[in-house]
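Undergrad: Position one of the sequence shown corresponds to residue 61 (our numbering), numbered consecutively onward.
My questions will all concern the structure given below.
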Amino acid sequence: MYLLNDALVTSASDLKLASECEFAFLRTLDVKLGRATALDVEADAMLERAARLGDRHEQRIVEQLRDDLGDDVVTLPRPENPRDPDELRRLAAQTVEALRSGAGFVYQAVFFDESDPELLFVGFADFLARQSDGRYRVQDSKLARSAKVTALLQLAAYHEQLERLGIPVDDEVELILGDGRSSIHRIDDIRPVFELRRERLHAMIREHRAETGAVAWGDARYAADGRCEVCAAEVDAHRDLFLVAGMRATQRAKLRVGGLTTIDDLAAAVDQPAGSTVPAGTYRALQEQAELQVSAMAARAAAEETAASAGGPDGAATVAHPVPAYRLFNPQIIADLPAPDPGDIYFDFEGDPLHQELAADGTTSQWGLDYLFGYVDDSEQFTSYLAHDLAAEAVALRAFLDDVKLRRQANPGMHIYHYASYERTHLASIAARHGVGEADVDELLSANVLVDLYPVVKRSIRVASRSYSIKKLEPLYMGDELRTPDGVTTAADSVIQYARSRAALQAGDGTEAQRILDDIIDYNRYDCVSTRRLRDWLIAVARAEAGVEPGTGGEREPDAARPFRLDPLTPALLARAERCVTDHDADGAAANRLAAAAIDYHRREDKSFWWAHFERLESDPADWVGTRDVFEVDAAASTIEQDWTEPGPGQRATRRRVRLHGAWAPGSSARPGRVSAIYRPAVYAKSGRDPRHALDHSAVIDEIGDDGSVLLAETLPGAAPGGSGGPDAGVEPWTDLPIALTPGPPPMTEGHRAAIEEWGARVDAQGDGWPLDPASDILLRRVPRLRDGGALEPMRDADDGVRAVVASLRRMDDSYLAVQGPPGTGKTYLAAHVIAELVAQGWLIGVVAQSHRVVENVLDGVVRAGCVPAQVAKGIPSSERAGFYDGHGFTELSGSNPQAAFLARHRDAGRGAVIGGTGWDFVNTKRVERRELDLLVIDEAGQFSLANTIAVAQAARRILLLGDPQQLPQVSQGIHPAPIDASALGAISAGHEVLPAEYGYFLAASRRMDAAVTRPVSRLAYAGELRSHPSTERRHLDGVDAGFHAVPVEHSGNATASVEEAEEVLAQVRAHLGLRWTDEEAGRADDPLTESDLIVVAPYNAQVELIRATFDAAGFARVRVGTVDKFQGQEAVVALVSLAASSPDDAPRGLDFLLSRNRLNVAISRAQWAARLVYSPKLVDHLPWKPDGVAELSRFIELVRPRG
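Put into structure tokens, the structure is as follows:
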């Protein structure tokens, strides 16, 4: 950014700065305008190194292009004076000339846009690449290993310049990443956000230039991140709330509403002022932190004044490294530390995120290297392992793990102490990257051998410091050994010096290289010693001030009853993957990695659950009550509906029922079923649980009330009445209520595992080949294999789906077929009629889905399609009794594994039949034998994981994947080495919004939505290819235009519930009720709309409950209100959607959840005639951190502010 006469010249980097911190941008503008002086900022050595590496990366690309294309690469010179307008105009003209002459590549293209005389634009594009259709694609080289949002904005700026110049421009832009891969993005997924940010930038510039003074700190018109160098100076000068350790921007904003603007205000305000909405516990912690820091600042100022008056060196030296004040507030956390053990070690990594090596495929690069593993023992004897490349990193990891294993054998009670999460996460990531020691690392994590002291510090003491970095804590305990500011003193120093050491070695100066390396090793040793001294200091403080000892808090049991162990098949399948890499077979390598990940999928899922579960039991509830699927109980509003009752006839345990009021965390799926009721303090002693921690008691949610309350059924532990010698002996009934409900334990998956392992063994037995079966075809993403080797049967029109699918399935050769059915396209109708036709031809067919309800719906449809009810059956859920399916059209099965007899009876009679169930039915060989079925239909396959698809696929010769990846997604909680947790249909679609035709069928005509609703839904989620069926043209609602309507409502400070939006939704209901509705196919002609014709969808349970209460008070109790997952498959004449959150900062799970195109798609597409979205306009005033977030926000902007 610079001034050119009276005009301001901006670039894409200014848009980046303004998006990151508006205050910093305007202060930079003030410097250009002469209103402020520039900050004296030290050079950032890490950024400078990254810039140099980025230049080298760009030059490698250019050299490769010149080798490949020769003279077809046009290189423009860099401007000698980038602020000379004449030179810029000349180079911009040369750029246009090269493009119009059809150059293959233009390197260093120059743009100079003078169309706005007040705001000019200058830009330098790395590459403009001519595509086969003559259009040019904007490309940029970035050292990063993944696309960054600011880089996408830069690409959009150059794309816009090409459009302005009339140059044909591609619909996609491309980043050439530092590892050699390309990241390609649709311009439509970037442009709306870019235009909104550019609009905001220009508005700020015009507004600020019209004023006379410099931007003022605290000006509410402009956002400040509070952390950048420009902000840091203002934070200090104004004693801003950002000085308080741990202060978040959202907390600061809420405190300012209450009149607290400085750290001094907060320190003095013991009681939270009215208007501030920070949770009470959080406020108390922030206020005490501020009080401690302010006291320390005053003490330091007094000491400096005394030292200055004395004028002696001793006083000055004392002030140079003051010991910060501290306050022990929770000694129990230190008591919960393990008791010291002679085998304890104190561990630290040094890593270089910019290290780059060529991968085994010879084309891409691998990034990052942990080049030093170091630890000290209790005698502070230092051991280290160096790794100068990735192969050595794997060796170092193995050596470290072997060392730890020996130490644990000698000292079973030993622990590995570290500070902050880097060591824990990188041990796991290194093991996963190399396939080395994965089980060993998991054992260390599961057995709680690693102890992170950072959360111990944060939860037990407050320190008078803005930062809780270990460097800032060292004055508390390092004494005379406190590190000096010279040499290697930070992690960033270590990285830079390591690069210098390697460069010196390459230059032949081994002595200098070793000297630098020795400094790094000494820095690492000091960090390890510091970690040990910190542990000992914490113990000493708790002992002296609270009389507690470590190890007296008790140490929990290992995380899971069944420790994670890699199946022996996994390395064999990974070895197949490596052979594919060597053979340059990327598809085979990916499929083998998926197969290997499938073998241990369910173990990893279980492991993730237990880690999170035990973490909740040990930690402060305030740290986790806001996480998904957790219900925080309001004890004062809750009641005991039925107190403890002795077991009656046929019962085995004492029971009670409680009505719990409270709030589900945002994004929770509130549904009946088994949960863990959390008690703190524990209400009884449970085996394997420390009574000092919270207690998890298994319970069952019987129902969810319309008011959001939960009816919980609890039983006393044991299976028989209490009394001497009975299972309940010693456990007395309690009157306490749980503090929260958390997810119950994962279901048993032994059958799934067995089925996957059988399949994996067959894969391994093929050598480097694959079995000819549906699971292998899906993982390899082969097109469906037909016996005649031909193409799938074409679908002639929207009404030809059943015929086409049946014809393709009949020609299929032990493979799969995919069908994508967007909202209202008749997916269930198609499935039912396909099944009915094939049953009539003697096929045995299974229907499986994630839920019983989905399966039941399909089976009812099969009967309506003409199947004899006796040939359509489903076993009742295990928790239900006979007669559960009375009222359904299909046959109910009960008893022990009745599915096998049902299938055998029809098979022996030569009849076709349909059996429905969940995955547990189809992996159980006592119910369905391997490959017994001619076809297995997986409904909602967009929510059915690849791993579970492999498991159930063993029951059938053919698979029909039926669903829509663009609606609610597959949910997984595990961390997997390959995307085996992705949905089956999503994997086949491979990121395409519309299923590619060679893999199956896209049902392109919605019979639900009017064309005016379908168009925005189609643009949002289906690449514009979804349309309305002609039958929708025979509908009409008087007085309301068909289509999607955005309804902005201004409000602020709302997170999960908005009264303003609830009132607007109520007004919308009143405005629509009674309007005349005609739907000929439904037999309605000029009928008034009733409450059942409306549906209201909200993302948060709190907003659902607020709207429900608002409607009930207004007399509209029959209007359906719920979260999006409750309404999948339902429809209404008018759908009303309320987003509730006031701004991105207010949204508890961020915009990724709130504006998810999948969730918006489901919500809007409930509408037959009209959808109205009630939202806060501040939601779009945001720049996401990730490219996916930019795409989601862009789609949302297009919805509420469509172009043209």
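Note that the Cβ used here is the ideal one computed from N, Cα and C, for glycine as well.
Would you kindly work out how many angstroms separate the C-alpha atoms of A492 and P1037, rounded to a whole number?
TA: 7 Å
Undergrad: Measuring alpha carbon to alpha carbon, tell me which residue in A334, D449, K465, V1179 is nearest V501.
TA: K465
Undergrad: For a test of the three-state rule: what should DSSP assign to E615, helix, strand or coil?
TA: Legend: pLDDT at E615 = 48, less than 50; position of this residue unreliable, no value from coordinates given.
Undergrad: For L1063 and G921, which I take to be in contact (beta-carbon distance under 8 Å), what is that distance rounded to the nearest angstrom?
TA: That belief does not hold up - the Cβ atoms of L1063 and G921 are roughly 15 Å apart, past 8 Å.
Undergrad: Whose C-alpha, out of A1195, N1161, R257, D1172, is nearest the C-alpha of G722?
TA: The candidate whose alpha carbon is nearest that of G722 is N1161.
Undergrad: For R1309, count neighbouring C-beta atoms within 10 Å of its own C-beta (all shown protein chains included) and say buried if the count is 16 or more, exposed if not.
TA: Only positions 61 to 1264 of the chain appear in this structure, which leaves residue 1309 out of reach.
Undergrad: According to DSSP, is P803 helix, strand or coil?
TA: strand
Undergrad: Measure the C-alpha to C-alpha separation of G783 and R716 and round it to an integer number of angstroms.
TA: Caution applies to G783, whose pLDDT of 40 falls short of 50 and renders its modelled position unreliable; the model cannot decide the point.
Undergrad: According to DSSP, is F85 helix, strand or coil?
TA: Look at F85 here: in three-state DSSP terms it is helix.
Undergrad: Hey, is R1017 close to the ligand COA, as in C-beta under 8 Å from one of its heavy atoms?
TA: With respect to small molecules bound, the structure shown includes none, and the ligand COA cannot be examined in it.
Undergrad: Return the CA-CA distance between A270 and G183, expressed in angstroms with no decimal places.
TA: Their backbone Cα atoms lie some 26 Å apart in a straight line.
Undergrad: If you pair each beta-carbon of the stretch 1098-1117 with each one of the stretch 1200-1215, do three or more pairs fall below 8 Å?
TA: yes
Undergrad: Have a look at the DSSP bridge pairing and note the partners of Y435.
TA: Paired residues: F407, T443.
Undergrad: Give the DSSP-derived three-state secondary structure of S728 in the structure shown.
TA: Reduced to three states, the DSSP call for S728 is coil.
Undergrad: The beta strand (DSSP E) that contains R1232, what's its start and end?
TA: 1227-1235
Undergrad: Who are the Cβ neighbours of A232 in its own chain at under 8 Å, not counting the five residues just before and after it?
TA: Reading off the sequence shown, one finds Glu at residue 232, where the question assumed Ala. R197, I244, H245, R246, I247, listed in sequence order.
Undergrad: To the nearest angstrom, report how far apart P142 and L148 are at their CA atoms.
TA: 7 Å
Undergrad: Taking the DSSP output, what are the residues bridged to A723?
TA: Residue pairing of A723 in beta bridges, as defined by DSSP: E692.
Undergrad: The beta strand (DSSP E) spanning E763 covers which residue range?
TA: For E763, the enclosing beta strand (DSSP E) has its first and last residue at 755-764.
Undergrad: Compute the Euclidean distance between the alpha carbons of A452 and Y431, then round it to the nearest angstrom.
TA: Cα-Cα distance, rounded: 9 Å.
Undergrad: Throw me the rounded Cβ distance for the A470 and G428 pair, which I believe falls under 8 Å.
TA: That belief does not hold up - the Cβ atoms of A470 and G428 are roughly 33 Å apart, past 8 Å.
Undergrad: Which value, in whole angstroms, describes the spacing of the CA atoms of E483 and P398?
TA: Near 19 Å, if we compare the C-alpha coordinates of P398 and E483.
Undergrad: For E232, report the span of its beta strand (DSSP E) as first-last.
TA: First-last of the beta strand (DSSP E) with E232: 232-236.
Undergrad: What residue from T795, L755, Y661 has the CA that sits closest to W704's CA?
TA: T795
Undergrad: Among A867, S736, R740, which one has its Cα closest to the Cα of P803?
TA: S736
Undergrad: Given a threshold of 16 other Cβ atoms within 10 Å of its Cβ, counted over all protein chains shown, does R1219 qualify as buried or as exposed?
TA: Looking at its Cβ environment, which holds 16 or more other Cβ atoms inside 10 Å, R1219 is buried.
Undergrad: Which residue from M1069, F409, G286, G318 puts its Cα closest to that of G434?
TA: F409
Undergrad: Quick one: measure Cβ to Cβ for V1222 and Q1027, integer angstroms, because I've assumed they're closer than 8 Å.
TA: Going by Cβ atoms, the distance from V1222 to Q1027 rounds to 5 Å, so yes, they are a contact pair.
Undergrad: Is K1246 buried or exposed, if buried means 16 or more other CB atoms sit within 10 Å of its CB?
TA: Exposed, because fewer than 16 other Cβ atoms sit within 10 Å of the Cβ of K1246.
Undergrad: Counting Cβ pairs, one atom from each stretch, are 3 or more of them under 8 Å apart for the stretch 337-350 and the stretch 362-369?
TA: Contact between the stretch 337-350 and the stretch 362-369 is absent, because fewer than three Cβ pairs lie under 8 Å.
Undergrad: Starting from the Cα of A933, find the closest Cα among A942, E940, H893, G977 and give me that residue.
TA: Relative to the Cα of A933, the nearest Cα in the group A942, E940, H893, G977 belongs to G977.
Undergrad: Starting from R734, follow the beta strand (DSSP E) in both directions and report where the run begins and ends.
TA: 733-739
Undergrad: With DSSP collapsed to three states, give me the class of E453.
TA: helix
Undergrad: Going along the chain, which residues of its own chain have a beta-carbon closer than 8 Å to the beta-carbon of G495, five neighbours each way excluded?
TA: The answer, listed in chain order, is P631, L634.
Undergrad: Note down, in chain order, each residue of its chain lying with its Cβ closer than 7 Å to the Cβ of G811, except the 5 sequence neighbours on either side.
TA: W980, V983, N984
Undergrad: Between V229 and L222, how many whole angstroms is the CB-CB distance? I'm expecting something under 8 Å.
TA: 4 Å
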